[in-house]
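Undergrad: Residue numbers (the numbering used here), protein chains in the order written: chain A, 1236 to 1565; chain B, 10 to 312.
The C-beta atom is built at its ideal place from N, Cα and C for all residues, glycine as well.
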Amino acid sequence: MEKDPLRVAVVGLGKMGMLHCGILNVLPKVELAGVCEATPLTRRIIKKVLRKVPVVANISELSSLNLDALFITTPTSTHYTVARSTIEAGIADNIFIEKPLSSSYADSRTLCSLMTGKGVSMVGYVRRYMVTFMKGKELLKQGVIGKPLSFKINTSSSDFFDIHDPAVSIARGGVLKDLGCYPIDLLLWYFGDFTIESATSESLTGPGAVDSVRFKVYGDESIPPGEVFISWCSEGYRMPEVEVSIIGSKGTLMVNDDYVRLEVGSKVSTLYRLNLGDNVAFWLGSPEYYREDEFFFNAIKQKLIGQPSFDSAAQVELVIEEVEKKANKK
Amino acid sequence: MNNRANELLFIVGDNPFLNISHLSQSKARERVDDPGDPVFAAHLLRLALENGANGFTFSMCDSNLSILDNLDLKGLDKGLGLYPVLPYAFEYVQKATQRGGFSGLVKKLGWDMIKSGNAESLVYGVSTTLTANPESLLKAYLGYELSRLDSHLSTTMRLESVLLHQVVTDLILALDLDWLFKAYIAFLSHKKITPGFNTGNFPYLVRKFAEWNIDLNKVIILTPFNKVGFQMTPSIEECEKALNMLPSPVVIAMSILASGYIKPDEASKYLASLPNIKGIAVGVSKEKQAKETFVILRKIYEK
Chain A
1236 MEKDPLRVAV VGLGKMGMLH CGILNVLPKV ELAGVCEATP LTRRIIKKVL RKVPVVANIS
1296 ELSSLNLDAL FITTPTSTHY TVARSTIEAG IADNIFIEKP LSSSYADSRT LCSLMTGKGV
1356 SMVGYVRRYM VTFMKGKELL KQGVIGKPLS FKINTSSSDF FDIHDPAVSI ARGGVLKDLG
1416 CYPIDLLLWY FGDFTIESAT SESLTGPGAV DSVRFKVYGD ESIPPGEVFI SWCSEGYRMP
1476 EVEVSIIGSK GTLMVNDDYV RLEVGSKVST LYRLNLGDNV AFWLGSPEYY REDEFFFNAI
1536 KQKLIGQPSF DSAAQVELVI EEVEKKANKK
Chain B
10 MNNRANELLF IVGDNPFLNI SHLSQSKARE RVDDPGDPVF AAHLLRLALE NGANGFTFSM
70 CDSNLSILDN LDLKGLDKGL GLYPVLPYAF EYVQKATQRG GFSGLVKKLG WDMIKSGNAE
130 SLVYGVSTTL TANPESLLKA YLGYELSRLD SHLSTTMRLE SVLLHQVVTD LILALDLDWL
190 FKAYIAFLSH KKITPGFNTG NFPYLVRKFA EWNIDLNKVI ILTPFNKVGF QMTPSIEECE
250 KALNMLPSPV VIAMSILASG YIKPDEASKY LASLPNIKGI AVGVSKEKQA KETFVILRKI
310 YEK
């Protein structure tokens, strides 16, 4: 018999943690049953804000809350230790982790093993829930542009534009892990596994930082040859943006955060979010966040696989390490 | 002639001045004229005011405050009504990113409040540090932002309302924090400023405010209304139904052109068919738009 409502806790109350808390509190048949925050001042304030929700300092304190699911929204460098301890302690069967799954492929694989035979695992690659990228995937699958012949992905943000101190860039693990995981996940989602041909990286904020990365992908049966560019030092981007362009035997498909542009023969069509049914029941941040969280709970109820599951998302770390290896050889 | 146009607020929005397009960010980057330049933005704002606009709604950020500094209101008898939206969430998220997270941001904000020398903000700031009381934090922050705005106001500018940013309004709504809304309303009402709420969840907000006994006659709600249902959550039908339920006109319609997808004359026909609209907010990025948009929007109400 289906348990109703599903009880969930959030670990880590940064901006993503707050956003998920809000959505979880409005999702039907879901109850925000706990919050864990390590920083004392933030925890003190949150206790007074979320008056009806238990707010704890340590993950172990969540074990008494009879949780069905857990959202881990701590900094990436802590994902592995937080996730490992919660899974081993059996705090919740179903785990959602904000992207990326962990800081290394080995750690991600360990988390995959620990989740084997347990509930739903999912990683927060939110572009899979953006209507534009969903439409792009559908058009590609329908073969609208024919056989894909080549692709390009441009991923840019201005987070570190005109910043000349590498400390924060380094502390965040570099652009490849932080921002690069998005186009890599999209490539894996659109085409499946692929092999890196070559890679280069640049330090733009200062020595030791990785602020810009470019890599090429070999073409094979499942994926055309292509190139990926990632930078968080680009000028003029209010928010991080990803743009995928695919040239096919019959036409061209371009997808970004705002629209899908399709060119087949002489016919050019542009579909904006408003043409693609972007409405959700509650809008917080962007509609895709609601869609993502809603899917996670539907997956729990209907025993589906998380999109992406830990297993799928771990491939991102594998690609990142391959790109790092190739870039460091130069 | 029916004077309905004279009862409505025609407000210039700041999205083009911040290089925002909710339809396409790449198109916003490709604009030839730079509405992000405060001098040019002030010129566009003046043109719009000369041609039917009577208000300005804007995120509280340095570049928008600089527009106020550059704005010449000479010869404009009715002056300018201001509807600032705060906090400017984008700026805070960006600062948090560049300063290594929220602790870096809090330190920076705390330091800014101290430097502002605003007594109210300092008192509530100290209270927050001692008690971790979110209401004190809210009051410290509001006091700081109002003092920040104060030095940019000229005698012909009127602070009509202060609106809570969409992300904050909707997060507070989602978390059921009615007491925080009430504290916000009480703080601004005490200062004779109409409390405003920018929301992307209009029907949800109307339902919750009614449930929490928040007087919908005494607030302003800034929310999307357009004929294609762009950003109207959960649906155009539900938003129109909620509009009908309001006790009085308190809605300022935004996203009326769906970021350029709809022409102003089409937009105005739809808006004129709706009840309980208090005003219309729309951005302008070119001189032609600044001259024509509000003339077109007003026309249908003057018939």
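Which residues in chain A have a C-beta closer than 7 Å to the C-beta of F239/B? List them in chain order.
TA: Against the second sequence, residue 239/B aligns to sequence position 230. Within 7 Å Cβ-Cβ: L1509.
Undergrad: Using a Cβ-Cβ cut-off of 7 Å, state whether L225/B counts as contacting chain A.
TA: Within the second sequence, residue 225/B is the residue found at index 216, counting from 1. Closer than 7 Å: no.
Undergrad: In angstroms, rounded to a whole number, what distance separates the CA positions of I29/B and A51/B?
TA: The sequence position of residue 29/B within the second sequence is 20, counting from 1. The sequence position of residue 51/B within the second sequence is 42, counting from 1. I29/B and A51/B: Cα-Cα distance of roughly 17 Å.
Undergrad: Does the beta-carbon distance from A1434/A to K1561/A come in below 7 Å?
TA: What you label residue 1434/A is simply residue 199 of the first sequence in a count that begins at 1. What you label residue 1561/A is simply residue 326 of the first sequence in a count that begins at 1. Yes, they are a contact pair.
Undergrad: Keeping to the same chain, check which residues put their C-beta closer than 6 Å to that of G1557/A; ignore five residues upstream and five downstream.
TA: Locating residue 1557/A in the first sequence gives position 322, where the first residue counts as 1. Rather than Gly, the amino acid found at residue 1557/A in this sequence is Glu. Cβ neighbours of E1557/A beyond the five flanking positions: I1431.
Undergrad: Taking just the CA atoms, how far does E1272/A sit from V1261/A?
TA: Along the first sequence, read from residue 1 onward, the residue named residue 1261/A stands at position 26. Along the first sequence, read from residue 1 onward, the residue named residue 1272/A stands at position 37. Straight-line Cα distance between these residues: approximately 21 Å.
Undergrad: So, with DSSP's three-state summary, where would you put V304/B?
TA: The residue you call residue 304/B lines up with position 295 of the second sequence. Three-state result, V304/B: helix.
Undergrad: Within the chosen definition, does the segment 1311-1321 of chain A reach the segment 1329-1349 of chain A through at least 3 CB pairs nearer than 8 Å?
TA: Flag = yes, the segment 1311-1321 of chain A and the segment 1329-1349 of chain A touch.
Undergrad: Going by DSSP, name the residue or residues bridged to C1271/A.
TA: By 1-based counting over the first sequence, the position of residue 1271/A is 36. Paired residue(s): V1246/A, V1291/A.
Undergrad: So, under 8 Å CB-CB, E1470/A and F1396/A are touching, yes? Tell me the CB distance rounded to an integer number of Å.
TA: To locate residue 1470/A, count along the first sequence from 1; it is residue 235. To locate residue 1396/A, count along the first sequence from 1; it is residue 161. About 5 Å; that satisfies the 8 Å criterion.
Undergrad: In the structure shown, what three-state DSSP assignment does R1449/A receive?
TA: Within the first sequence, numbered from 1, the residue matching residue 1449/A stands at position 214. Three-state result, R1449/A: strand.
Undergrad: Among G288/B, A98/B, T302/B, F65/B, which residue has its Cα nearest to the Cα of T232/B?
TA: Reading the second sequence from its first residue, position 223 is the one you call residue 232/B. Looking at the Cα atoms, G288/B is the closest of the given residues.
Undergrad: Less than 7 Å between CB atoms is the rule here; does V1290/A satisfy it with respect to chain B?
TA: Walking along the first sequence from the start, residue 1290/A turns up at place 55. No, its Cβ sits nowhere closer than 7 Å to a Cβ of chain B.
Undergrad: Check whether the Cβ of T232/B lies closer than 7 Å to any Cβ atom in chain A.
TA: Here residue 232/B corresponds to residue number 223 of the second sequence, with the count starting at 1. Cβ-Cβ to chain A under 7 Å: no for T232/B.
Undergrad: Distance, Cα to Cα, I229/B vs G205/B?
TA: As a position in the second sequence, residue 229/B is number 220, starting the count at 1. As a position in the second sequence, residue 205/B is number 196, starting the count at 1. Their backbone Cα atoms lie some 4 Å apart in a straight line.
Undergrad: Can you tell me whether T178/B is buried or exposed, with buried defined as 16 or more other CB within 10 angstroms of its CB?
TA: Residue mapping note: residue 178/B aligns to position 169 of the second sequence, counting from 1. Answer is buried; the Cβ neighbour count reaches 16.
Undergrad: Ends of the beta strand (DSSP E) at R167/B?
TA: Numbered from 1 along the second sequence, position 158 holds the residue referred to as residue 167/B. Where R167/B is concerned, the enclosing beta strand (DSSP E) stretches over 166-168.
Undergrad: Mind checking whether A1549/A and R1344/A have CB atoms under 7 Å apart?
TA: On the first sequence, position 314 is the one that residue 1549/A refers to. On the first sequence, position 109 is the one that residue 1344/A refers to. In contact: A1549/A and R1344/A (Cβ atoms closer than 7 Å).
Undergrad: Compare the C-beta of L77/B with all C-beta atoms of chain A and state if any pair is closer than 7 Å.
TA: The residue labelled residue 77/B in the question sits at position 68 within the second sequence. So, not an interface residue.
Undergrad: For the segment 1380-1400 of chain A against the segment 1485-1503 of chain A, do three or more pairs of beta-carbon atoms, one drawn from each stretch, fall closer than 8 Å, so that the two count as touching?
TA: Taking 8 Å as the limit for Cβ pairs, the verdict is that the segment 1485-1503 of chain A does touch the segment 1380-1400 of chain A.
Undergrad: Taking Cβ to Cβ, would you say V215/B is nearer than 7 Å to A251/B?
TA: As a first step, residue 215/B must be located in the second sequence, where it is residue number 206. As a first step, residue 251/B must be located in the second sequence, where it is residue number 242. Yes; because the gap between Cβ atoms is below 7 Å, this pair is in contact.
Undergrad: Report the neighbours of D179/B on chain A: residues whose CB is nearer than 9 Å to its CB, in chain order.
TA: One-based indexing of the second sequence puts residue 179/B at position 170. Residues of chain A passing the Cβ test: G1257, F1517, W1518, L1519, G1520.
Undergrad: Given this structure, state the Cα-to-Cα distance separating V304/B from T165/B, to the nearest angstrom.
TA: As a working mapping, residue 304/B is identified with position 295 in the second sequence. As a working mapping, residue 165/B is identified with position 156 in the second sequence. Between V304/B and T165/B, the C-alpha separation is close to 22 Å.
Undergrad: Determine whether the Cβ of M10/B lies closer than 7 Å to any Cβ atom of chain A.
TA: Residue mapping note: residue 10/B aligns to position 1 of the second sequence, counting from 1. Low confidence applies to M10/B: its pLDDT is 43, below 50, so where it sits in the model is not reliable, and the reading given next is rough at best. Judged by the 7 Å Cβ criterion, M10/B is not in contact with chain A.
Undergrad: For L1241/A, which beta-bridge partners are listed by DSSP?
TA: Here residue 1241/A refers to the residue found at position 6 when the first sequence is read from its first residue. L1241/A pairs with V1265/A.
Undergrad: Am I right that P143/B and V1284/A are in contact with their C-beta atoms under 8 Å? What's the rounded C-beta distance?
TA: Here residue 143/B corresponds to residue number 134 of the second sequence, with the count starting at 1. Here residue 1284/A corresponds to residue number 49 of the first sequence, with the count starting at 1. Going by Cβ atoms, the distance from P143/B to V1284/A rounds to 5 Å, so yes, they are a contact pair.
Undergrad: Return no unless some Cβ of chain B is closer than 7 Å to the Cβ of R1279/A.
TA: The residue labelled residue 1279/A in the question sits at position 44 within the first sequence. Yes - at least one Cβ of chain B is within 7 Å of the one on R1279/A.
Undergrad: Just list the residues that DSSP pairs R1496/A with in beta bridges.
TA: Sequence index remark: in the first sequence, residue 1496/A carries index 261 (1-based). For R1496/A, which the question treats as bridged, DSSP gives the partners M1489/A, T1505/A.
Undergrad: By Cβ distance below 7 Å, which residues in the same chain neighbour E1552/A in space, the five residues on each side in sequence not counted?
TA: Counted from its first residue, the first sequence places residue 1552/A at position 317. The answer, listed in chain order, is P1335, L1336, S1337, S1339, Y1340, S1343.
Undergrad: Tell me which residues share the same chain as K1370/A and place their Cβ nearer than 6 Å to its Cβ, disregarding the 5 neighbours each side in the sequence.
TA: What you label residue 1370/A is simply residue 135 of the first sequence in a count that begins at 1. V1495, L1511, listed in sequence order.
Undergrad: In this structure, how does DSSP classify N15/B when only helix, strand and coil are distinguished?
TA: Taking the second sequence and counting its residues from 1, one reaches residue 15/B at position 6. Correct three-state label for N15/B: helix.
Undergrad: Using the C-alpha atoms, what's the distance from P1543/A back to Y150/B?
TA: Start at 1 with the first residue of the second sequence, and residue 150/B comes out as number 141. Start at 1 with the first residue of the first sequence, and residue 1543/A comes out as number 308. Going from the Cα of Y150/B to the Cα of P1543/A covers about 39 Å.
Undergrad: Excluding sequence positions up to five away, which residues of its chain have a Cβ less than 6 Å from the Cβ of L173/B?
TA: Locating residue 173/B in the second sequence gives position 164, counting from the first residue. Result list for L173/B: F206, in chain order.
Undergrad: List, in chain order, every chain B residue whose beta-carbon is nearer than 8 Å to that of D1239/A.
TA: Position 4 of the first sequence, counted from the first residue, corresponds to residue 1239/A. Residues of chain B passing the Cβ test: none, with the nearest at roughly 20 Å.
Undergrad: Who are the neighbours of K1283/A on chain B, taking C-beta pairs under 7 Å?
TA: The residue you call residue 1283/A lines up with position 48 of the first sequence. Within 7 Å Cβ-Cβ: A141, N142, P143.
Undergrad: Near R167/B, what residues of its chain come up, given a Cβ to Cβ distance below 8 Å and the 5 sequence neighbours on each side ignored?
TA: Residue mapping note: residue 167/B aligns to position 158 of the second sequence, counting from 1. If we look at R167/B and ignore the five residues flanking it on each side, its Cβ neighbours are G88, L89, G90, L91.
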